[in-house]
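So the sequences go chain by chain: X and R.
Basically our numbering = 1-based index in the first sequence + 3.
Basically our numbering = 1-based index in the second sequence + 3.
Each residue gets a CB set at the ideal place from its N, CA and C atoms; glycine is no exception.
This report refers to the structure that appears directly beneath it.
2 protein chains.
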Amino acid sequence: MVKTLEFRDGALHLLDQRLLPGQVTFAVARTASETAAAIRSMAVRGAPAIGCAAAYGLALAALEAARSPEPDSVFEQGVRELSDARPTAVNLRWALERLSTKRTELLRQGASHDAIARALLQEADAVTREDLEACRAIGRFGKDLVPDGRGILTHCNAGGLATAGYGTALGVVRAALAAGKSCAIYADETRPWLQGARLTAWELLQDGIPVTLLPDVAAASLLASGRIGCVVVGADRIAQNGDTANKVGTYPLALAAQAAAVPFFVAAPTSTVDLRARNGADIPIEERSADEVTHLAGTRIAAEGASVFNPAFDVTPARLIAAIVTERGIARPPYEEALSRLVAGSASTP
Amino acid sequence: MVKTLEFRDGALHLLDQRLLPGQVTFAVARTASETAAAIRSMAVRGAPAIGCAAAYGLALAALEAARSPEPDSVFEQGVRELSDARPTAVNLRWALERLSTKRTELLRQGASHDAIARALLQEADAVTREDLEACRAIGRFGKDLVPDGRGILTHCNAGGLATAGYGTALGVVRAALAAGKSCAIYADETRPWLQGARLTAWELLQDGIPVTLLPDVAAASLLASGRIGCVVVGADRIAQNGDTANKVGTYPLALAAQAAAVPFFVAAPTSTVDLRARNGADIPIEERSADEVTHLAGTRIAAEGASVFNPAFDVTPARLIAAIVTERGIARPPYEEALSRLVAGSASTP
Chain X
4 MVKTLEFRDG
14 ALHLLDQRLL
24 PGQVTFAVAR
34 TASETAAAIR
44 SMAVRGAPAI
54 GCAAAYGLAL
64 AALEAARSPE
74 PDSVFEQGVR
84 ELSDARPTAV
94 NLRWALERLS
104 TKRTELLRQG
114 ASHDAIARAL
124 LQEADAVTRE
134 DLEACRAIGR
144 FGKDLVPDGR
154 GILTHCNAGG
164 LATAGYGTAL
174 GVVRAALAAG
184 KSCAIYADET
194 RPWLQGARLT
204 AWELLQDGIP
214 VTLLPDVAAA
224 SLLASGRIGC
234 VVVGADRIAQ
244 NGDTANKVGT
254 YPLALAAQAA
264 AVPFFVAAPT
274 STVDLRARNG
284 ADIPIEERSA
294 DEVTHLAGTR
304 IAAEGASVFN
314 PAFDVTPARL
324 IAAIVTERGI
334 ARPPYEEALS
344 RLVAGSASTP
Chain R
4 MVKTLEFRDG
14 ALHLLDQRLL
24 PGQVTFAVAR
34 TASETAAAIR
44 SMAVRGAPAI
54 GCAAAYGLAL
64 AALEAARSPE
74 PDSVFEQGVR
84 ELSDARPTAV
94 NLRWALERLS
104 TKRTELLRQG
114 ASHDAIARAL
124 LQEADAVTRE
134 DLEACRAIGR
144 FGKDLVPDGR
154 GILTHCNAGG
164 LATAGYGTAL
174 GVVRAALAAG
184 KSCAIYADET
194 RPWLQGARLT
204 AWELLQDGIP
214 VTLLPDVAAA
224 SLLASGRIGC
234 VVVGADRIAQ
244 NGDTANKVGT
254 YPLALAAQAA
264 AVPFFVAAPT
274 STVDLRARNG
284 ADIPIEERSA
294 DEVTHLAGTR
304 IAAEGASVFN
314 PAFDVTPARL
324 IAAIVTERGI
334 ARPPYEEALS
344 RLVAGSASTP
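If you want it as structure tokens, here you go:
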């Protein structure tokens with residue numbers, strides 16, 4: 004499996020997800036600003052991967068700060084640019100807060116800006132290492148939820164490409180298959196950006212896992228057909244009550260799963276839980292450019308002159324979610340208490 | 004408005020819907036076989052338009068039969084080829100049966116094959132003229148169902164391009180707007196063939212009607228936002244109990260409308276009602292080629308090696324449908340009796 008992101012030679016190397024599966028190319032960010040641009044343009048995407056990229060971006064800001072006569076303002080500028088890159092995935096803010104807190108501590112201890120930069124780079128490495136570990140733990144917990152002998156349906160890409168590796172929803176898929184379960188994997192193509200067709204299908208096939216692709220509109224028929232044993236998706240932000248923001252199309256998929264009595268699971272690290280958001284209404288939903296809908300690979304595919312509604316995410320109400328799988332265990336409804344406990348860190352052993 | 008189909012100079016001229024909106028080009032069918040190919044390849048699509056095209060195709064078969072030493076076998080070959088062109092839209096079979104019955108009558112009366120060919124061409128003209136009249140009547144009935152001052156959401160293209168003109172679902176839209184209702188029009192792009200983005204947006208804009216396009220996955224969010232007053236779609240086949248086969252994506256749209264308490268209307272001529280199908284399980288669902296999903300305008304957009312599930316239609320259960328608008332009046336649940344009465348021809352006056 005190709006690495007989604009890697010810090011080496013003083014720069015963040017990002018597998019450019021805009022060009023997959025046609026081209027395996029790396030985008031290089033040498034500054035916080037370039038990292039923010041890579042997040043905004045979706046060269047890197049997926050909430051956990053955005054968190055890792057933001058951590059490295061802020062470490063780059065600390066390096067820039069150490070070379071500047073005004074280190075604090077350079078660092079704060081980095082925080083702002085990264086924070087503004089995309090609004091919905093809370094992992095971005097979570098990572099920035101983690102590194103900012105670390106910096107404040109070190110400043111209080113009288114550390115030099117060079118030492119701080121080195122420490123923040125180590126902290127970004129830790130964020131990334133922990134994300135990979137979290138994905139593997141999510142897989143270990145989640146695999147037991149997967150009915151053997153039936154299909155698994157997923158939406159968007161919550162795979163190795165959306166994380167530091169292994170994936171959240173696809174972590175559950177990989178762990179279930181590794182445990183010997185016999186499940187056909189189905190992936191929604193996920194308009195408009197085609198994360199399913201371009202990324203999920205690609206990364207599963209790279210691992211030798213067969214996958215059946217479908218237009219998002221066909222998921223309800225597939226669920227109604229009885230072929231699917233469970234739906235597993237990732238998350239960009241989970242509110243205190245379990246309402247979950249994820250790639251647009253997740254909510255109608257959850258409705259279709261409910262209509263077919265198929266359990267609907269969310270797989271995400273606790274860094275995706277935002278206890279400050281009481282429910283889905285508190286989660287900002289990004290709207291993206293009309294071009295994503297009207298054009299594909301530079302070619303116009305829609306009639307000229309139409310307006311466009313292009314939200315990047317939607318909110319699935321907690322009542323449609325059978326379980327939320329985290330690296331510290333599985334939350335079941337009602338979610339308030341279970342999520343608070345998991346975020347506070349009382350982990351089960353997967 | 005450009006004509007969807009027209010018979011002139013001994014041939015059927017079809018506005019080629021594969022090339023819209025980029026090119027306004029006509030495909031020409033001079034034989035039943037060429038007409039069947041045009042239906043199969045979706046140069047012409049939309050259940051009522053397929054019915055009209057099939058009628059002309061069979062008139063062409065009658066012309067070929069009149070020039071052949073074996074008129075019956077030439078005609079029957081035409082019936083078979085046209086009948087096999089696409090399985091789901093019942094209007095195709097309905098039109099073929101109407102013209103075949105006409106031919107049987109005329110044969111019994113001792114008409115010549117030349118006279119039969121002329122009569123079947125007139126019958127195809129009648130099918131087409133009646134379809135246009137039916138669309139206008141559907142509009143007159145349907146406009147009263149549309150809440151004023153709120154959005155109308157539609158899926159696929161059930162417009163002038165899917166009929167002899169004016170449209171079924173878009174007939175309701177046009178009539179509501181003509182009656183002075185103030186409704187913003189929203190169109191699902193409708194993967195994989197993009198009928199919404201390419202055809203619905205194009206034909207509404209041609210008429211000066213503003214339209215907002217959205218990825219199919221965003222429809223549930225739009226409905227949840229409260230901006231939509233009703234959903235109106237067409238149909239490819241309506242079973243006796245009201246279960247409705249329509250373009251894939253209609254069923255999840257109906258689920259999302261139900262979740263948002265937005266009424267969901269089907270608009271279709273009575274030729275789309277199949278009383279021989281007791282419910283949705285009796286309706287054959289066409290699966291189309293993987294290329295429609297993996298390629299767009301000749302360019303590969305999905306990872307190589309994935310299998311594809313690409314059903315062209317799905318079935319919306321009658322319980323999710325608030326009303327079925329036909330040219331003879333509005334059917335409400337329970338649908339069995341209402342639909343049988345409308346098909347039998349007891350029309351209301353719109």
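Chain R contact for residue i (CB, 9 Å cutoff)
{"i": "X:L197", "result": "yes"}
{"i": "X:V311", "result": "yes"}
{"i": "X:E307", "result": "yes"}
{"i": "X:V193", "result": "It is worth fixing the name first, because residue 193 of chain X is Thr in this sequence and not Val. Interface residue, yes."}
{"i": "X:G237", "result": "no"}
{"i": "X:D246", "result": "no"}
{"i": "X:D277", "result": "no"}
{"i": "X:P353", "result": "With a pLDDT of 47 at X:P353, under the threshold of 50, the modelled position of this residue cannot be trusted, and the question is left open."}
{"i": "X:I155", "result": "no"}
{"i": "X:L18", "result": "no"}
{"i": "X:D219", "result": "yes"}
Nearest-angstrom Cα separation, counted from residue j out to residue i
{"i": "R:L95", "j": "R:G49", "result": "10 Å"}
{"i": "X:A40", "j": "X:V82", "result": "13 Å"}
{"i": "R:L216", "j": "X:L164", "result": "29 Å"}
{"i": "X:V31", "j": "X:S292", "result": "24 Å"}
{"i": "R:A65", "j": "R:V77", "result": "8 Å"}
{"i": "X:D12", "j": "X:Y169", "result": "24 Å"}
{"i": "R:L61", "j": "R:L102", "result": "7 Å"}
{"i": "R:M45", "j": "X:I288", "result": "37 Å"}
{"i": "X:A129", "j": "X:L180", "result": "28 Å"}
{"i": "R:D371", "j": "R:R121", "result": "Here chain R covers residues 4 to 353 and nothing more, so residue 371 of chain R does not appear."}
{"i": "X:R111", "j": "X:T38", "result": "27 Å"}
{"i": "X:I327", "j": "X:R303", "result": "39 Å"}
{"i": "X:W97", "j": "R:A284", "result": "49 Å"}
{"i": "X:G245", "j": "X:K6", "result": "31 Å"}
{"i": "X:P353", "j": "X:V265", "result": "Low confidence applies here, because X:P353 scores a pLDDT of 47, under 50, leaving its location unreliable; read the following figure in that light. Taking the straight line from one Cα to the other gives about 24 Å."}
Helix, strand or coil at residue i according to DSSP, with G and I counted as helix
{"i": "X:P90", "result": "coil"}
{"i": "R:F312", "result": "coil"}
{"i": "R:G81", "result": "helix"}
{"i": "R:C159", "result": "coil"}
{"i": "X:G283", "result": "helix"}
{"i": "X:V276", "result": "strand"}
{"i": "X:E192", "result": "coil"}
{"i": "R:V265", "result": "coil"}
{"i": "X:E290", "result": "strand"}
{"i": "R:L109", "result": "helix"}
{"i": "X:A137", "result": "helix"}
{"i": "R:R240", "result": "strand"}
Neighbourhood of residue i by C-beta distance below 7 Å, restricted to the same chain and skipping five residues each side
{"i": "R:P150", "result": "G232, C233"}
{"i": "X:P337", "result": "none"}
{"i": "X:E295", "result": "P195, W196, N313"}
{"i": "R:H116", "result": "A68, A69, P74"}
Counterpart residues of residue i in DSSP-defined beta bridges
{"i": "R:A334", "result": "R:I327"}
{"i": "X:N249", "result": "X:D317"}
{"i": "R:C233", "result": "R:I155"}
{"i": "X:E9", "result": "X:H16"}
9 Å Cβ cutoff, residue i in contact with chain X
{"i": "R:I324", "result": "no"}
{"i": "R:Y189", "result": "yes"}
{"i": "R:G369", "result": "Because chain R is modelled from 4 through 353, residue 369 of chain R falls outside the range shown and cannot be assessed."}
{"i": "R:G183", "result": "no"}
{"i": "R:R367", "result": "Nothing about residue 367 of chain R can be read from this structure; chain R reaches only from 4 to 353."}
{"i": "R:S224", "result": "yes"}
{"i": "R:A334", "result": "no"}
Beta-carbon proximity list for residue i, same chain, < 8 Å, skipping 5 on both sides
{"i": "X:L345", "result": "T273, V276, T329, R331, G332, A334"}
{"i": "X:E136", "result": "E330"}
{"i": "R:Q261", "result": "F267, L323"}
Beta-carbon proximity list for residue i, same chain, < 6 Å, skipping 5 on both sides
{"i": "R:G174", "result": "C138, I141, G142"}
{"i": "R:R201", "result": "L23, P24"}
{"i": "X:A280", "result": "A242, I286"}
{"i": "X:L342", "result": "V276, A334"}
{"i": "R:K105", "result": "E126"}
Residue i beta carbon near the ligand MG (any heavy atom closer than 8 Å)
{"i": "R:T34", "result": "Ligands are entirely absent from the displayed structure, and the ligand MG is therefore not among its contents."}
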